[in-house]
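As given, the protein sequences belong to chains W and B, one line each in that order.
Numbering of the first sequence is given in the numbering used here, commencing with residue -16 and proceeding in unit increments.
Numbering of the second sequence is given in the numbering used here, commencing with residue 3 and proceeding in unit increments.
The structure appears below as structure tokens.
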Amino acid sequence: MDVVKAVETYITKMVSVPSAMKVLLLDSHTTPIVSLASTQSTLLSHQVYLTDRIDNMKRDRMAHLKCVCFLRASEESLGALAAELREPKYGEYYLYFSNILSKAAIERLADVDEYEVVREVQEYFADYAPLLPSLFSLNHYPNATRPLYGANVDTWDPLALMQSVQGITAVLLSLKKKPVIRYERMSAMARKLAIEVNHVINSETALFDFRLSQVPPLLLIVDRRNDPVTPLLSQWTYQAMVHELIGIQNGRVDLSQAPDVRPELKEITLTPSTDPFFASNYMATFGDLGQTLKNYVESYQSRSQTIALASAGNSLASISDMKRFIEEYPEFRKLGGNVSKHVALVGELSRLVAKQRLLETGEVEQGLATGIGQDFKNVQALVSDPGLGFAYKIRVVMLYALRYQRSTANINTLVASLTAQGVPAEMTRLINVVLNIAGADQRQDDLFSNETIFAKGRSALKGLKGVENVYTQHAPHLSQTLEHLMKGRLKDTSYPFLDAQPAASTSGTSTPGGIVQKPQDVIIFVIGGTTYEEARTIALLNEEGTMAGTSASGTRFLLGGTCVHNSGTFLQMLDDAAGQFPSSVYQPPRETNANGGTGLSVQLGGINVTVGGAAGTGVYRSPEGAQPAVQVDGIRDGMRNLLGRVKQGVDRIGLP
Amino acid sequence: MSTRSRTLLFISYRDSKARATKYSRRSSYVPQLDDDSESAALIPGPSSPSTSQQHLAINLDVALPPRWVDTSDRVEGLLVQLQGKIAQLDKLHAKHVLPGFADRTQEERDIDALTADITRDFRACHKLVHSIVPPPTTSYPPGKDAPNTDPAARNLQRALAAKLQDASAAFRKKQRVYMDKLTGHATKNADLLVASGAVSLRGSESAQAVEEDVQMSAQTLQTQTRSTDPSLTARSAELAHLAQSISGLADLFKDLSSLVVEQGTILDSVEYNIEMAASELKEAEGELKVAQR
């Protein structure tokens, strides 16, 4: 279930044959894939002396080189390849395609291969960007020309759907998994994707002919709209922070905006596979990271001091010390380079944290996401603070609106003060967009309920994050979903199986002490993009899974998404998507208009037990029995505790 | 890690296409020839692989491959030879370290000659690697020549430099281990070697600690037999040779490291390299346009 290793193996196989001087031709889609799983020096060691794009028409003819092509079977790449084969520039051609190749495409290429230069035609299913061993991305950042959504929020753009199906099937094939599929019931797109993936599995039976495991692997398709909160939060762990504050594209980080950065660090690579320090710290919280980095630098300093002393000492000592230095030279240099790189990067993060005053604001965000604190007052204070950026203010109001969707009056007050601060209408209208696209009535699960103190206490995954601090209290909704899954409590009604038949064996409610069939391998795919915070949850679950006796033991997880968001790309996606939708998306959602007892609704917003009706079933899956009691005393904010307790009790009774 | 080969399908498509074109050509140009094998021998058709190879050779290899292809072959050849020589030296070393009463000057001479030979080969490789991309001439402006150098040659140089670096480092380690063994004798016999040697030993890695243990046991055997060694001077000369060889190799290593791509840096990113190639191309185009105007 390690996608980095899978893609790496594919690439190594590709460039190992033939054993001669080679050129490697890629296209815009495969370049980042190769780049993430391999390096220039690895390619060089396999005699790949030239790497270029297939669509670069200015390549020199070099008959002494053999050519390895790794391409997506897209129209552009096939066209460029056909042109190449008509007038071959290299001696022999070994063609690899990143996905299933149609017979028509094979015929087309055979037609133009008049010189018979093609030696191999293979399908190697490395059709996704392997970011971490347990995280892949399809690198689809939606924009106006490459949208994700169709005409409305429930339909796919046809091209995006096709590429998602291809990406997922490639993941399945590269890992040799033939899964059962579950999807989020509220999401029409998830269902559509599930059907399409299943269709490919069933029509390519020869490819999907794997040895069956006792419990089949699970492909769980979920929708970003079910959890719009996670991508809006500031991040406080290394990799997620870098992505949120600076941005990581295909393992590369652009530091050119950082002041006083040394020229060789203007752009750096940041992947665990090539960077041992990053590999052991990419999940560390910012505080821990600082300490580790300090130790790292100290160890570097102590080494260089030895060198300094040695060269200053007498000649005998310096020879033997210099020898030792040279013996360790590559490692030393590597350590040195690595030190300066991480020092520069963490330095830039600290600068941005201070500049954007994230230590103050992060606390409020976490409060909104987890339900503690004086939300409205705090948010209002942030909004009217002239020192904070517009984008940030929008985010925090969005979080407030998502949490307290029914308290229209407060939201309006906040929007008004945004406008008073000079935030343009194009930005403030995004608040309605997020409510329309991912508001309470669009979400399947009660996003904010799992954060009550009692729910936390129940969580088998608690303590997962190590030392809690105020900035990392939020756990993505996905962790709750997976916890339910592991306990066999993920309801068929909320996450139905695509084929009804396996439902009986893995059925939601398990008898206490009865055998729950836990899947060994779970692949989660998030339509609309996943986040590094979720990736961290998955990585920690996998770590925990290697230990015996925990609820997740023995299960391996893999997370993927159409892309990996930070708050910026998430807002951009919403903005672009809204442009395609009917303009009503900019209006306040209908349910919110019919307010009435705002006070009551606000307090209950966390659990969504009361009104319900208009939003349809499934959204409000809280216990019906708890309602009357709740409505009697459920006025104050503190009452959520009680609600949690009631809910917990009902949950317990609810189990057969 | 599934893969699926479509090569056979591709070839069958290609063959059917090729046959069709061959028949059509035959009917128009050489209708009298019917036998497949004869026609293939006289007029190389595109269908049979062996003749099409010749075809290719004629069609594509009009220009000779660049010189660095040849250089690369020579370096690779030398490296293979070096492996053999190093293995031979290993044997000599192993023999030499063992205690013995016979006259060992011949043995020592052999070791010296072979060491010199290997060092020379490394230097030859080093020179060849450098010759692949000649160092930039001091023309003005300095960046002008860069786009002209073949990126493939540059990459080949990097790859060979890395390979050579690995090989030389491995050899240097061997030399050092050998010297440690020799100095081990010296420490015990002459009681002269200063503490600095011991200090450097303490700092070295655990793998060498194992070597030390082996050496210690061999040494205890020798202390009795060779307590009054008359050839102390010869030994120190030998040590000097070794030290020279090691420092020479270290220099070579240092020099090569300027050519080798460092792992984990942006230069090692495949994507970055492709982008750089593309932007260099654009720059060159721009310069051309400027020149045309």
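Don't be surprised by glycine CBs; every beta carbon is placed ideally from N, CA and C.
Contacts that residue i makes with chain B (C-beta to C-beta distance below 7 Å)
i	result
W/HIS47	PRO67, VAL71
W/GLN149	The contacting residues do not exist; W/GLN149 stays about 14 Å from chain B at best.
W/SER18	SER271, VAL272, GLU273
W/TRP93	The question names Trp, yet the displayed sequence has Ala at residue 93 of chain W. The answer, in chain order, is PHE12, TYR15, ARG16, LYS19.
W/ILE251	ILE268
Environment of residue i [buried if 16+ CB atoms lie within 10 Å]
i	result
B/GLY205	Low confidence applies here, because B/GLY205 scores a pLDDT of 25, under 50, leaving its location unreliable and the question unanswered by this model.
W/LEU142	exposed
W/SER333	exposed
W/GLN146	buried
W/GLU526	exposed
B/ARG8	buried
B/PRO101	exposed
W/GLY562	exposed
B/GLN108	exposed
W/ILE178	exposed
W/PHE269	buried
W/PRO125	buried
B/SER18	exposed
B/VAL82	exposed
B/ASP105	exposed
W/THR252	buried
B/GLU285	exposed
W/SER462	buried
Under 8 Å by beta carbon: chain W residues contacting residue i
i	result
B/ALA164	SER24, LEU27, SER28
B/THR299	What the structure shows of chain B is the stretch from 3 to 295, and residue 299 of chain B is not part of that stretch, so it cannot be assessed.
B/ARG76	Ordered by position in chain W, no residue passes the 8 Å Cβ test against B/ARG76, which lies about 14 Å from the chain.
B/VAL179	Per Cβ cutoff of 8 Å: no residues; B/VAL179 is ~11 Å from chain W at best.
Any non-hydrogen atom of the ligand MN within 6 Å of residue i CB
i	result
W/VAL101	The ligand MN is absent from the structure shown, which contains no ligands of any kind.
Cross-chain neighbours of residue i in chain B, by beta carbon under 9 Å
i	result
W/LYS159	MET3, SER4
W/THR(-8)	MET3
Within chain B, partners of residue i - CB distance below 8 Å
i	result
W/VAL104	SER7, ARG8, THR9, LEU11, PHE12
W/TYR166	None at all; the shortest Cβ gap to chain B is about 24 Å.
W/PHE108	SER4, THR5
W/PRO15	GLU273
W/ARG340	Chain B residues near W/ARG340: none, gap ~31 Å exceeds 8 Å.
Nearest candidate by alpha-carbon position, reference residue i, set the options
i	options	result
W/THR476	W/THR25, W/THR152, W/CYS52, W/ARG165	W/ARG165
B/LYS93	B/TYR180, B/ALA154, B/ASN157	B/TYR180
W/ALA399	W/TYR32, W/ARG389, W/ILE414	W/ILE414
W/ARG36	B/GLN246, B/ILE276, B/GLU282	B/ILE276
W/GLN149	W/GLY133, W/SER117, W/TYR98, W/SER81	W/SER81
B/TRP70	B/ASP112, B/GLU110, B/LEU158	B/LEU158
W/SER11	W/TYR77, W/LEU68, W/ASP110	W/ASP110
B/ALA244	B/ALA163, B/LEU80, B/PHE173	Per the sequence shown, residue 244 of chain B should be read as Leu rather than Ala. Nearest C-alpha to B/LEU244: B/PHE173.
B/LYS129	B/LYS176, B/ASP105, B/ALA163	B/ALA163
W/GLN105	W/ASN122, W/SER85, W/LEU115	W/SER85
W/GLU99	B/ILE13, B/ILE268, B/ARG6, B/GLY266	B/ILE13
W/MET4	W/ILE(-6), W/GLN30, W/ASP(-15), W/ILE16	W/GLN30
W/LEU468	W/LYS501, W/PRO459, W/TYR454	W/LYS501
Contacts of residue i in chain W (Cβ-Cβ under 7 Å)
i	result
B/LEU158	TYR32
Partner residues on chain W for residue i, Cβ-Cβ distance less than 9 Å
i	result
B/ALA242	By Cβ distance, chain W contributes nothing, its closest Cβ being about 11 Å from B/ALA242, past 9 Å.
B/GLY250	Neighbours of B/GLY250 on chain W: none; closest Cβ ~11 Å, over 9 Å.
B/VAL263	THR22, GLN23, SER24, LEU27
If you scan the region 190 to 275 of chain W from start to end, which runs of the alpha helix (DSSP H) of 4 or more residues do you find wholly inside it? The alpha helix (DSSP H) runs lying completely inside the region 190 to 275 of chain W and spanning 4 residues or more are 221 to 228, 259 to 264, given in chain order.
May I have a chain-ordered list of the beta strand (DSSP E) segments no shorter than 3 residues that lie completely inside the region 131 to 174 of chain W? Secondary structure remark: continuous beta strand (DSSP E) runs of at least 3 residues inside the region 131 to 174 of chain W, in chain order: 163 to 166.
Counting pairs of Cβ atoms below 8 Å between the region 250 to 265 of chain W and the region 361 to 378 of chain W, do you hit three or more? No: fewer than three Cβ pairs fall under 8 Å.
Go through the region 21 to 99 of chain W residue by residue and report every complete run of the alpha helix (DSSP H) that reaches 4 residues or more, in order. As far as the region 21 to 99 of chain W is concerned, its whole alpha helix (DSSP H) runs of at least 4 residues are 23 to 28, 58 to 69, 86 to 95.
Does the count of Cβ pairs from the region 191 to 198 of chain W and the region 156 to 163 of chain W closer than 8 Å reach three? The region 191 to 198 of chain W makes contact with the region 156 to 163 of chain W: 3 or more CB pairs, one atom from each, lie closer than 8 Å.
Is it a yes or a no for the region 70 to 90 of chain W touching the region 43 to 53 of chain W, going by three-plus beta-carbon pairs under 8 Å? Touching, yes.
Which full runs of the alpha helix (DSSP H) of 4+ residues lie inside the region 320 to 400 of chain W, going along the chain? Within the region 320 to 400 of chain W, the complete alpha helix (DSSP H) runs of at least 4 residues are 341 to 353, 358 to 366, 373 to 386.
Is it the case that the region 204 to 223 of chain W contacts the region 165 to 178 of chain W, given that we only count it when at least three CB pairs across the two stretches are under 8 Å? Short answer: they touch.
Segments of 3+ residues assigned as beta strand (DSSP E) that fall wholly inside the region 73 to 140 of chain B: As far as the region 73 to 140 of chain B is concerned, it has no whole beta strand (DSSP E) run of at least 3 residues.
Can at least three beta-carbon pairs, one atom from the region 359 to 366 of chain W and one from the region 378 to 398 of chain W, be found at a separation below 8 Å? Pairwise C-beta distances place the region 359 to 366 of chain W in contact with the region 378 to 398 of chain W, as three or more of them are shorter than 8 Å.
The region 87 to 97 of chain W touching the region 205 to 219 of chain W, judged by at least three CB pairs closer than 8 Å: Not touching, per the Cβ criterion.
With a threshold of 8 Å, are at least 3 pairs of Cβ atoms found where one atom belongs to the region 552 to 562 of chain W and the other to the region 416 to 433 of chain W? Contact between the region 552 to 562 of chain W and the region 416 to 433 of chain W is present, because at least three Cβ pairs lie under 8 Å.
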